[in-house]
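> Under the working numbering, think of the first position of the sequence shown as 534, with each following residue one higher.
Note that beta-carbon positions come from the ideal geometry of N, C-alpha and C, so glycine has one too.
For reference, the structure I am asking about is given below.
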Amino acid sequence: MAQQEEDTTAVRDWHKFDESRLEDFLCRQLPGFSSIGSAGLTVRQYRSGQSNPTFLLQKGLNKYVLRKKPHGPLLPGAHRVEREYEVQKALFVTGFPVPRPLLFCPDTTVIGTEFYVMEHVQGRIFRDVTLPDVGTAERSALYIALTETLARLHSFDIHTLNLTGYGKGKGYCQRQVNTWKKQYERSAHIDIPAMNNLGNWLSNNLPQNDNEESLIHGDFRIDNVIFHPKEARVIAVLDWELSTIGHPMTDLAYFTSFYYWPKEVQLLGHPSDKTSTDVDGLPAFQDLMSIYSRCRGVSLPVPNWNFFLALTFFKIAGILQGVHARFLIGNSSGENASIFAEMVQPLAENGLKLAEQQNSMVREPSRYSGELFIQSPKGQKVLKKVKQFMAQHVYPAQQEVLDYYTTHENSPLRWKKPEVIEKLKEMAKAEGLWNLFLPAISSLSQTDYAFIAEETGKCFFAPEVFNCQAPDSGNMEVLHMYGTEEQKKKWLEPLLSGQIQSCFCMTEPDVASSDATNMECSIQRDGDSYVINGKKWWSSGAGNQSCQVAIVMGKTKNTLASKYKQHSMIIVPMETKGVEVVRALKVFGYEDTQHGGHFEVHFKNVRVPVSNLILGEGRGFEIAQGRLGPGRIHHCMRTIGAAESALQLMCERSAQRQTFGKKLYQHEVVLHWIAESRIAIEQARLLTLSAARAIDTVGSARAKKQIAMIKVVAPRMACKVADRAIQVFGGAGVSQDFPLASMYAAIRTLRIADGPDEVHLSAIAKLELLEQSKRLSAKI
């Protein structure tokens, strides 16, 4: 991975130009450039770029990028920087991610060649297609973002972009074959039979439909893209030299060529010691194809796919031959151009091999779940293992667990976990099915985990078996994201290992906690300690015998700060003097002992070290927002699973019971309840997956609308499904003999515990109004 400044060097001798003349020109022609200040212009050359030399310009704090033609003799029609400038101008106004083009200079007297200047875009550039510098979940998300960006490019109407004259359009494949044949012939230093044979095969096997006209990039690969510094989001597509109007499948084949790359060749981030299938988290080829086809609305398989692959390797070999030829005459812009000649033959031979293969692209994706949302290969493996574990160990233990809580309903032992759960936890840990919710440990994306959490939501104690239970999962996320090394070692590590459990103290009995700024619990500095005073309730998990620590949110007095910067979070060991666990609160009459209950906890002059503060004073809402993204969407994921269980029970009961001379399912109203429930579950699942995927790709902050929507939809849906199931069960449905009553109580609570529906609805509406106003402004 490279940041742009780290990817530069001093201007190479054969690319030097008069920098003072350039600075004078920019002062006269580039708005705002002359007013930057007295600082002189500095110029650095980017290491990458084997074609048009590219430079980083800096004047004061302002940065620009200059791209120019190479010096010396050039191949006819090549290096037309004015076309790059033209297409970037057209795309920039649409919101497509390209750097803002600032000016084009056709005057070759300024620096010796034509050039253009664009804004500098700060972000991440990856040189290795296997993305070794990122985690597994982000690796998948980055490739999804790339694929969607390419599909978006190919979806533009060239007439709307006013680019109808940008390329010849129809017959593009024929022209490409001819172009790269001629380039190879002009630049070849030795005869390579494989190149001649591949060129002839391509000429004789052109696609019947060579009339598609889309805007294509021509060199779309990962190192021609800038990603957001922290998010899996494309913020700029670079190097438009080969862009034109042509067949979009040439771009797609070129982009996915690393899946077919010959191992003996190492080039442009194609490591010689591994293939794409060796890299954990790299999406399967079929998955990227399915994403592309969905985004563009095109069907699979792609006709003549082997032709487009063969053309890709013919083109790459031709490009490398041309780079080597420029190296020989001294005007290649790359640092390692001399080695490219030896790569031409194996690439041509690989193209011939692909050409001779049958078109074997599968019609349906091989690693897809839910049809619209990708699950990584590892996510699929873990989901399969979880399902097997649930079937073999968790479901068979349900009756034993229920019997335990029924037997000890009025005993202090009800707060102790049944031995069978502890045994299951050890078994799950031994299977590697542990802490699956945390991407940094599990290497699973939120989308991966969504399917897994739904499965665990089908049994009330299953999340704990995998150490993925609330509120511990959310607390572990907080400590992982915001904790100091000391805090992590003391509290996060034992939580991750399952040695201890925790609770989260936020809601208060004396104020309306739907507006969290109302919180009155005080956290005040006193020397090298903080003193906590206040009342909390609905502190879930505080009844667990292994609950040893609480994360408490309270007010740190700062009258000058905004109301959202007056609260902090702090770690409080439960054994600390002044911590009083007052009472267990019942939910519709249930104590919810299997989840550690929901307790009222008082803090009376509780003193903890300053080092227990998380992140810093006034950072409580910042932490809460980070926690409320992934941590709280897990509830929605599990709720889908609970709704599936309720629907299953409804169907079973309707097939067993008879009223008025026919089975319950034969009554039309029950049939409709079943149908409506299935529809609602599928809709909620899609929205949940959409929110999970948004968290994966753009982060919790930018996904807040999707998160808010699913927090409304999932509990509402599950409540309705459970209510219908209860109605089908009749009196039995509200009894302790079946899980529906307790299930309904737990789900109904989410409509408050995850924030009232009304608060989420207001947030959704405000975000929607803001987005609509931006669209309107863009049209105007």
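Are Tyr579 and Leu590 closer than 8 Å when you measure CB to CB?
No, Cβ-Cβ distance for Tyr579 and Leu590 is not below 8 Å.
> Look at the alpha carbon of Arg766 and the alpha carbon of Lys918, and state the distance between them as a whole number of angstroms.
Taking the straight line joining both Cα atoms gives about 31 Å.
> Distance, Cα to Cα, Leu1309 vs Arg1235?
Using only the alpha carbons, I get a separation of about 20 Å.
> Go to Ala1286, then tell me how far its beta strand (DSSP E) extends in each direction, as first and last residue.
Counting along the chain, Ala1286 falls outside any beta strand (DSSP E), though it belongs to the alpha helix (DSSP H) covering 1273 to 1286.
> How do the segment 1207 to 1214 and the segment 1173 to 1182 stand: do at least 3 beta-carbon pairs fall below 8 Å, yes or no?
Cβ pair count under 8 Å is three or more, so yes.
> Output the residue ranges of the alpha helix (DSSP H) runs that lie fully inside the segment 1156 to 1198 and measure 4 residues or longer, sorted by chain position.
Runs of the alpha helix (DSSP H) inside the segment 1156 to 1198: 1163 to 1189.
> In this structure, does DSSP put Asn839 in helix, strand or coil?
Correct three-state label for Asn839: helix.
> Check each candidate in Cys1169, Lys1237, Arg660 and name the one with the smallest Cα separation from Ala1296.
When only C-alpha atoms are compared, the closest one is Lys1237.
> Got a sec, what are the start and stop residues for the beta strand (DSSP E) Asp540 sits in?
Looking at the DSSP string, Asp540 is not in any beta strand (DSSP E), and its letter there is neither H nor E.
> Relative to the C-alpha of Pro972, which candidate in Ala670, Gln1305, Phe648, Glu959 has its C-alpha closest?
Out of Ala670, Gln1305, Phe648, Glu959, Ala670 has the C-alpha closest to the C-alpha of Pro972.
> Our contact map puts Asn1008 next to Ile1065 with C-beta atoms below 8 Å; I'd like the distance itself, whole angstroms only.
Going by Cβ atoms, the distance from Asn1008 to Ile1065 rounds to 17 Å, so no, they are not a contact pair.
> Sort Gly1060, Ser1268, Val1231, Leu1283 by Cα distance to Cys1252 and report the nearest one.
Out of Gly1060, Ser1268, Val1231, Leu1283, Leu1283 has the C-alpha closest to the C-alpha of Cys1252.
> List the endpoints of the continuous beta strand (DSSP E) containing Gln1078.
That residue, Gln1078, is in no beta strand (DSSP E); it is neither H nor E in DSSP.
> Expressed to the nearest angstrom, what Euclidean distance is found between the alpha-carbon atoms of Asp955 and Ser1187?
Sequence inspection shows Glu at residue 955; the Asp mentioned does not correspond to that position. Rounded to the nearest angstrom, the two C-alpha atoms are 36 Å apart.
> Which residues in the same chain as Val631 place their Cβ atom closer than 7 Å to its Cβ, once the five residues preceding and following it in sequence are excluded?
Closer than 7 Å at the Cβ level, and outside the excluded window around Val631, lie Gln621, Leu624, Phe625, Ala769, Val770.
> Return the residue from the list Gln709, Ala1247, Val1011, Gly698 that minimises the CA-CA distance to Leu735.
Minimum Cα distance to Leu735 is reached at Gln709.
> What residue does the beta strand (DSSP E) around Tyr597 start on, and which one ends it?
Where Tyr597 is concerned, the enclosing beta strand (DSSP E) stretches over 595 to 601.
> Can you tell me which residues form a DSSP beta bridge with Arg1116?
Paired residues: Glu1133.
> Taking the continuous beta strand (DSSP E) assigned at Glu652, which residues delimit it?
First-last of the beta strand (DSSP E) with Glu652: 648 to 652.
> Taking the Cβ atom as the reference point for each residue, do Leu1028 and Asp1061 lie within a distance shorter than 8 Å?
Taking 8 Å as the Cβ cut-off, Leu1028 and Asp1061 do not qualify as a contacting pair.
> Indicate the three-state DSSP secondary structure (helix, strand or coil) for Cys992 in the structure shown.
Here Cys992 sits in coil by DSSP.
> Given a cut-off of 8 Å on the beta-carbon distance, is the pair Phe566 and Lys601 in contact?
Against a cut-off of 8 Å, the Cβ pair of Lys601 and Phe566 comes out as no contact.
> In the DSSP assignment, the beta strand (DSSP E) including Asp724 goes from what residue to what residue?
No beta strand (DSSP E) holds Asp724; DSSP gives it neither H nor E.
> Which residues does DSSP list as the beta-bridge partners of Gln1034?
Per DSSP, Cys1080.
> May I have the straight-line CA-CA distance separating Trp838 from Ile852, to the nearest angstrom?
Taking the straight line joining both Cα atoms gives about 21 Å.
> Can you have a look at Thr663 and say buried or exposed, based on whether 16 or more other CB atoms are within 10 angstroms of its CB?
The residue in question, Thr663, is buried, as its Cβ has 16 or more Cβ neighbours within 10 Å.
> Leaving aside the five residues before and after Gln1002 along the sequence, list all residues of the same chain whose C-beta is less than 6 Å from its C-beta, in chain order.
Result list for Gln1002: Pro996, in chain order.
> Does the ligand NAD have even one heavy atom less than 7 Å from the beta-carbon of Thr642?
Of ligands this structure carries none, so the ligand NAD is not represented either.
> Does the separation of the CB atoms of Pro658 and Ile759 fall below 8 Å?
The residue asked about is misnamed: residue 658 is Ile in this sequence, not Pro. Contact flag set, yes.
> Check whether the Cβ atoms of Pro1106 and Val1134 sit closer than 8 Å, and answer yes or no.
No, Cβ-Cβ distance for Pro1106 and Val1134 is not below 8 Å.
> With a 10 Å radius around its C-beta and 16 neighbouring C-beta atoms as the bar for buried, classify Asn943 as buried or exposed.
Exposed is the call here.
> Going along the chain, which unbroken runs of the alpha helix (DSSP H) with 4 or more residues stay wholly within the segment 716 to 804?
Listed in chain order, the complete alpha helix (DSSP H) runs (minimum 4 residues) inside the segment 716 to 804 are 726 to 737, 781 to 788.
> Are the beta-carbon atoms of Glu615 and Phe637 separated by less than 8 Å?
The answer is yes: Cβ separation under 8 Å.
> Which residues in the same chain as Ser1072 place their Cβ atom closer than 6 Å to its Cβ, once the five residues preceding and following it in sequence are excluded?
Excluding sequence neighbours, Ser1072 sits near Cys1036, Cys1038, Phe1132, Val1134.
> Could you have a look at Arg685 and say whether DSSP puts it in helix, strand or coil?
In this structure, Arg685 counts as helix in the three-state DSSP scheme.
> Under 8 Å between the Cβ atoms of Ala1274 and Val1120?
Cβ distance not < 8 Å, so Ala1274 and Val1120 don't count as in contact.
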